[in-house]
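Novice:
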Amino acid sequence: MTPFSYARAGDTTAATHLGVAAGAKYLGGGTNLVDLMRETIERPDTLVDVTGLSRTIEERGDGSLMIGAAVRNTAVAEHRAVRERYPVLARAILAGASGQIRNMATVGGNILQRTRCLYFYDDAARCNKRTPGAGCDAIDGFNRAHAILGASPTCVATHPSDMCVALAALGAVVHLENATGARTMPLVDLHRLPAGRPEVETLLEPGELITAIELPQLPCAVRSTYRKVRDRASYSFALVSVAAVLDRSDDGMVRDVRLALGGVAHKPWRAFTAEAALRGRPTNEACFRAAAEAELADAAPLRDNGFKIELTRRTIVAVLNELAGEAA
Amino acid sequence: MTTIRDAAQKIMQTAIGLAPERWLPGGTPDPLIGRHGAIGSSVPRVDGPRKVKGEAPFAAEVPARNMTYAALVYSTIARGHIATLETDAAQAAPGVVLVMTYRNAPRMAPPAVFMSDPRAAGASSLPVMQDDAIHWNGEPIAVILAETQEQADHAATLVRVTYTEEAASTSFEYAAAHAHRPDNVLGEPAVIEIGNAEAALAEAAHKIDRTYHTPRYSHAAIEPHAATVWWEADGQLIVHDATQMLNGTRWTLAGIFGLKEEQIRILSPFVGGGFGGKALWNHQILAIAASRLSGRPVRVALSREGVFRVSGGRTTTRQRVALGARADGTLSALIHTGIAAMTAYNNCPEQFSFPARHLYAAGSFKLEQKVADIDMVANTFMRAPGESVGTFALESAIDELADDMGLDPIELRRRIEPAKDPTSDHPFSSRHLLDAYARGAERFGWSARSPTPRARREGEWLIGMGVATATYPYYRMPGGTARITLTRAGHACVAMASHEMGMGTATVQVQATADRLGLPLTHVTFAYGDTALPPGTIAGGSSQTASIAAAVTAAGEKLVSALLKLVGNASPLAGLKAGDIVARDGGLGHRALADRFESYVSILSRANRDQVSAEAEAPMPLEVQKYAMHSYGAQFCEVRVNAVTGETRVSRFLGAFDTGRIVNPRTAASQFRGGIIMGLGLALTEETLFDERTGRIMNASLAEYHVPVHLDVPEIDVIWTDTPDPRAPLGAHGIGEIGITGVGAAVANAVYNATGRRIRDLPITLDKLLGST
């Protein structure tokens, strides 16, 4: 680990003032950032500890839920309103990491965690994220866990979060603040695809701090779930995950659907194409499959991860079948 | 090259007259084998309370004044030379005490590699940091000593190195095409041919001819390798190590540093899991060298990444198993051949063909092992090296043959059960494999299995059952010496430089000694883990329990003789010979006459002695020259394979073992279960990702190297025949390794029964099953 200075922010204003300095990083639970510092992948000059800020979950009059960025993952998953109104989010969080890590990890930190690409983590390897222009050793290397959607010749890494997949499906809005002001942004827009600049992973401005996540009112989310497919039963990242909300009308048609995928792209992947293909269509397996195939039409396999295309298709269909069965 | 076997045989030729009769033909078995006393009881681990209270000092916790902390810098190429090496920034970093590279490292002889001498413990014969040559990706190229671990770790990141790369052998397929026969495989011949197996196979009524692949696996013991070392003012070297080969480490270090063995003391009272990996690797040697240069104590505690880079694991294999069967289900041909990756500097050819040498009767055999030279960290022993992956191939093939012939796989094994060892012709000392199968089948509910794949489904889950044989040799290592000290208070302390890695060594030896001397458990202690004690043998090959017990038996006999010399004419024992005596009730007595008895307390008091000591070396393990001595088991597995995703979950597991007498059911059950869990990792989740472009291990962390987690492990039932082996001390076999054997095949066979799909390439990950579900 490279030496650094540490400051604990008393309020958001102080945090954003400190955070705008070059070389500053916000510190949440540290479950990913500190690991990366130990590996010297991250070398911040200053850590601005923001775990003292915005630690509440507020149920608002308009039916939305405002979750402070420093709320621990465990607290989100345990919150009654989350479990009852947005079960997909509770399930996604509990599918991730371990109990100890979830107790430490914050919502803001979870969103900004970095890829677990083996070549990103090993500074003996070439990685365009660590060193722009260096090349990518994952493209022809071990890439079983890598992207099938939205990848680029510069980077095939995936975003590792489970929570974000649920947030993407729920249409979560990210609240941001820096010294010049505050703004909001849909979570699905926050993360970038790699294109030619995989080192730029989000649209955050310098010093911009995630202060909260807003879950808009979505009554149909009571019928939602998260399914994570992985190499062991716990404590491994998703090969593929699916977050889904299904609103079925009395005549068996899809009134509304929200679908997001994890483990397949550089960002939490909202499956807009599949959603469009499903709305107004019957809730049967043929339609589910057609929608999944439409979403995956541009999926591109690498050396080791071709199985993910079929796995994603099957998992989407199984999750939608499950939700449709619950509704029946 | 001199092998252990050669060396042992030389010693045996001179020692044969000294061998005790009891373990040889016509001899009387150990009188303790049928006794129910402390032996056979579920005694809690004697080291347990200290460990749960955090009071057991491990190697990385031993304090020292003026300590320095070591960090290693690892090479990032597989083969070549260091071109430039800049260490000024590291040297100038805060707290740095020493930067050691090949330029300033003391001159050291190469380690004596394991098997080059019976005492050798080196994992590799490569010189350690003696020149600019690089031999594997991850080889240490610099050692930083600093006042704190954090300072050392930081300074290590400041070392700048460039290389002149040379072509490295990192492709298994390429190296396999140039594979060669090793001189021997752990002292056994690399090839055994009986009859013409290929011809018999060609003519067989039923045949299976398959290729199986097993990947690299890495050690992942809970305690990463560590050592705390210093040099005393008088030149004595003190090494607090985490090791399973105390005396071998001492002898080998003496050779490396040009010392006499007496100048070195190794202490290792507690080891947080060994599994074959806790041997002499670079880190201890470098720490000792750095301590010599700095004049200060050094603690080297490998990071998890360091464990992957510096210490090897189970190596890659490609195995062919071909079985030819007659119409009656007997075998006309058994072929098991293959290739294991190895370095040119070590001696672990992964003895995957060993099970086929001893398990089944066949009309002809062709068993052959080759090695493929790879530039990698030296592979090494890892819980049942050879047998673990060898039984995956062999027992998968047996299952394939049974399926092909329409026979129940247990019934097929009944038909090929041999009357004597099929390749050596030796009689079995004790073999109750079919008994283990029968007991296991009944308890597991094997009769409920449908022989037809895909016959059982619950929702998305396909359910199947599989079975496989477990087997591991009985070994007893020569060279161990035990000392028993009996005090006037009637307490006995056994002392031997042996190893407690969490398996219950101290506990079972206290039990055995208590029964041997007729003492209660509370009156026996066991001193171990220190080369200042009489020499022990390695904790390897599941040999330690028998090896220690044989030495304690010999010392016990000497102790009885010494005590008889002390008794005067007034003793009830007066005039009795050692052959008349049994130890019982806290003293010695005539074997038949109850009143001819005197307690130890009385004997020592009468003789006015505070204590009596006796020390003896175990006799050579000649029993293994006369008998085929092995442990067995039947592994039963039920899996659920998700028809949508291909995920495999083990829902039930039972191991039925035949391993001689069980000394302690509590520690035995834990050993068996631990082996089975490690087998589930071997079968389903674990794989060291070795990037063949660079020779670099890419998943050097427990986040990405997937050992089974709690949710991967079902309730595991373990039962045993508890039938004593009359040729083994205590009637017992070591049981540390057999648990993992057969598990890979039991899982794979269950997956076949569930899905109809044979996976011959471990680990069985979901992508391999997706197409079939």
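Protein sequences, first through last, are from chains A and B. Mapping of the first sequence onto my numbering: residues -6 to 321, in sequence order. Mapping of the second sequence onto my numbering: residues 7 to 779, in sequence order. Quick reminder that beta carbons are idealized off the backbone N, C-alpha and C, glycines included.
Quick one, which of B:Q631, B:P117, B:H225 has its alpha-carbon nearest B:T386's?
Specialist: The count along the second sequence starts at 1 and reaches residue 386 of chain B at position 380. Checking every option, the nearest Cα to that of B:T386 belongs to B:H225.
Novice: What residue from A:G143, A:R190, A:P(-4), A:A175 has the CA that sits closest to A:T9's CA?
Specialist: Residue mapping note: residue 9 of chain A aligns to position 16 of the first sequence, counting from 1. Among A:G143, A:R190, A:P(-4), A:A175, the Cα nearest to that of A:T9 is on A:A175.
Novice: Could you say if the stretch 36 to 43 of chain B and the stretch 207 to 226 of chain B meet the contact criterion of at least three C-beta pairs nearer than 8 Å?
Specialist: Cβ pair count under 8 Å is below three, so no.
Novice: Roughly how many whole angstroms lie between the Cα atoms of B:K16 and B:S430?
Specialist: Mapped onto the second sequence, residue 16 of chain B falls at position 10. Mapped onto the second sequence, residue 430 of chain B falls at position 424. Per-residue confidence for B:K16 stands at a pLDDT of 42, beneath the threshold of 50, marking its modelled position as unreliable; the derived number appears in the next sentence. Roughly 20 Å between the two C-alpha positions.
Novice: Would the beta-carbon of B:L292 fall within 8 Å of that of B:V500?
Specialist: On the second sequence, residue 292 of chain B is found 286 positions in, with the first residue counted as 1. On the second sequence, residue 500 of chain B is found 494 positions in, with the first residue counted as 1. No, the Cβ-Cβ distance between B:L292 and B:V500 is not below 8 Å.
Novice: Run through the DSSP bridge pairs and tell me what B:K213 is partnered with.
Specialist: Locating residue 213 of chain B in the second sequence gives position 207, where the first residue counts as 1. DSSP, once it has assigned bridges, lists B:G330 as partnering B:K213.
Novice: Does the beta carbon of B:H219 come closer than 8 Å to any beta carbon on chain A?
Specialist: Here residue 219 of chain B is taken as the residue at index 213 of the second sequence, counted from 1. Not closer than 8 Å to any Cβ of chain A, the Cβ of B:H219 fails to qualify, so no.
Novice: Quick one: complete beta strand (DSSP E) runs, 3+ long, within the stretch 323 to 368 of chain B?
Specialist: 323 to 331, 337 to 348, all fully within the stretch 323 to 368 of chain B.
Novice: When you compare the stretch 648 to 657 of chain B with the stretch 582 to 594 of chain B, are there three or more beta-carbon pairs, one atom per stretch, that lie closer than 8 Å?
Specialist: The stretch 648 to 657 of chain B vs the stretch 582 to 594 of chain B: no contact.
Novice: Classify A:V310 as buried or exposed, calling it buried when 16 or more other Cβ atoms lie within 10 Å of its own Cβ.
Specialist: The residue you call residue 310 of chain A lines up with position 317 of the first sequence. Result: buried.
Novice: Alpha carbon to alpha carbon, how far is B:N428 from B:V395?
Specialist: Within the second sequence, residue 428 of chain B is the residue found at index 422, counting from 1. Within the second sequence, residue 395 of chain B is the residue found at index 389, counting from 1. The sequence given here places Pro at residue 428 of chain B; Asn does not occur at that position. Rounded to whole angstroms, B:P428 to B:V395 spans 21 Å at the Cα level.
Novice: Quick one: Cα of A:T6 to Cα of A:S(-2), how far?
Specialist: For this step, residue 6 of chain A is matched to residue 13 along the first sequence. For this step, residue -2 of chain A is matched to residue 5 along the first sequence. Approximately 19 Å, taken between the alpha carbons.
Novice: Using Cβ-Cβ distances below 8 Å, what residues of the stretch 681 to 704 of chain B are close to chain A?
Specialist: Residues passing the 8 Å Cβ filter: L690, T691, L695, D697, R699, T700, R702, M704.
Novice: Closer than 7 Å, Cβ to Cβ, to anything on chain A: give me those residues from the stretch 648 to 670 of chain B, in chain order.
Specialist: Residues passing the 7 Å Cβ filter: V650, T651, E653, R655.
Novice: Let's test the definition: count the other Cβ atoms within 10 Å of the Cβ of B:T543 and tell me whether it reaches 16, buried, or not, exposed.
Specialist: Numbered from 1 along the second sequence, position 537 holds the residue referred to as residue 543 of chain B. So B:T543 counts as buried.
Novice: Among residues of its own chain, excluding the 5 on either side of A:D130, which ones have a beta-carbon nearer than 6 Å to its beta-carbon?
Specialist: For the purposes of this step, residue 130 of chain A is identified with residue 137 of the first sequence, where counting begins at 1. Here the set comprises Y112, A118, R119.
Novice: Please confirm whether A:E303 has its beta-carbon closer than 8 Å to some beta-carbon of chain B.
Specialist: The count along the first sequence starts at 1 and reaches residue 303 of chain A at position 310. So, interface residue.
Novice: Within 10 Å of its beta-carbon, does A:K122 have 16 or more other beta-carbons around it, so buried, or fewer, so exposed?
Specialist: Counting from one through the first sequence, the residue named residue 122 of chain A turns up at place 129. A:K122 comes out buried.
Novice: Taking DSSP as the reference, what is the three-state secondary structure of B:G592?
Specialist: Stepping through the second sequence from its first residue, residue 592 of chain B is reached at position 586. DSSP places B:G592 in coil when its eight states are reduced to three.
Novice: Thinking C-beta only, is B:V516 closer than 8 Å to B:T531?
Specialist: Position 525 of the second sequence, counted from the start, is the residue given in the question as residue 531 of chain B. Position 510 of the second sequence, counted from the start, is the residue given in the question as residue 516 of chain B. Taking 8 Å as the Cβ cut-off, B:T531 and B:V516 qualify as a contacting pair.
Novice: Across which residues does DSSP place A:M59 in a beta bridge pair?
Specialist: Position 66 of the first sequence, counted from the first residue, corresponds to residue 59 of chain A. A:E51, A:E207.
Novice: Are the C-beta atoms of A:D224 and some chain B residue less than 8 Å apart?
Specialist: To locate residue 224 of chain A, count along the first sequence from 1; it is residue 231. Yes, A:D224 lies at the interface with chain B (some Cβ there is under 8 Å from its Cβ).
Novice: Unbroken beta strand (DSSP E) runs of length 3 or more, entirely within the stretch 216 to 282 of chain A: which are they?
Specialist: Here the runs fully enclosed are 217 to 222, 233 to 241, 247 to 255.
Novice: With DSSP run on the structure shown, which of helix, strand or coil describes B:E194?
Specialist: Taking the first residue of the second sequence as 1, we reach residue 194 of chain B at position 188. Here B:E194 sits in strand by DSSP.
Novice: From B:H87 to A:G22, what distance separates their C-alpha atoms?
Specialist: Locating residue 87 of chain B in the second sequence gives position 81, where the first residue counts as 1. Locating residue 22 of chain A in the first sequence gives position 29, where the first residue counts as 1. If you take the alpha carbons of B:H87 and A:G22, they lie about 42 Å apart.
Novice: Taking only three categories from DSSP, how would you classify B:S676?
Specialist: Translated into positions along the second sequence, residue 676 of chain B becomes position 670. In the structure shown, B:S676 sits in a helix (DSSP, three-state: H, G or I).
Novice: Starting from B:P714, find everything on chain A with Cβ-Cβ shorter than 7 Å and list it in chain order.
Specialist: Counting from one through the second sequence, the residue named residue 714 of chain B turns up at place 708. Simply R225.
Novice: Short of 8 Å in beta carbon distance, which residues of its chain neighbour B:I22, apart from the five on each side in sequence? Order them along the chain.
Specialist: As a first step, residue 22 of chain B is located in the second sequence; it is residue number 16 there, counting from the start. Unreliable positioning characterises B:I22 in this predicted model, as indicated by a pLDDT of 38, which lies under 50. A coordinate reading is not provided.
Novice: Since A:L111 meets chain D, which of its residues come closer than 8 Å, beta carbon to beta carbon?
Specialist: The structure shown has no chain D; the protein chains it does contain are A and B.
Novice: By the criterion of Cβ-Cβ separation under 7 Å, what are the contact partners of A:P(-4) in chain B?
Specialist: Taking the first residue of the first sequence as 1, we reach residue -4 of chain A at position 3. Result: H160.
Novice: Measuring only between beta-carbons, confirm whether B:E171 sits less than 8 Å from chain A.
Specialist: Position 165 of the second sequence, counted from the first residue, corresponds to residue 171 of chain B. Chain A, which has no Cβ nearer than 8 Å to the Cβ of B:E171, makes this no.
Novice: Beta carbon of B:I682, beta carbon of B:G661: below 8 Å?
Specialist: Residue numbering aside, residue 682 of chain B sits at position 676 when the second sequence is read from its first letter. Residue numbering aside, residue 661 of chain B sits at position 655 when the second sequence is read from its first letter. Contact: yes.
Novice: B:E209 to B:L407, Cα distance in whole Å?
Specialist: Within the second sequence, the letter at position 203 stands for residue 209 of chain B. Within the second sequence, the letter at position 401 stands for residue 407 of chain B. Rounded to whole angstroms, B:E209 to B:L407 spans 15 Å at the Cα level.
Novice: Can you find a CB in chain B that lies within less than 8 Å of the CB of A:R48?
Specialist: For the purposes of this step, residue 48 of chain A is taken as residue 55 along the first sequence, with counting starting at 1. By this cut-off, A:R48 is not an interface position.
Novice: Applying a beta-carbon distance threshold of less than 7 Å, which residues of chain B neighbour A:T204?
Specialist: Along the first sequence, one-based indexing puts residue 204 of chain A at 211. Within 7 Å Cβ-Cβ: nothing; A:T204 doesn't reach chain B, min ~29 Å.
Novice: Which residue comes first and which comes last in the beta strand (DSSP E) that contains A:K18?
Specialist: Here residue 18 of chain A is taken as the residue at index 25 of the first sequence, counted from 1. Per DSSP, A:K18 belongs to the beta strand (DSSP E) from 17 to 20.
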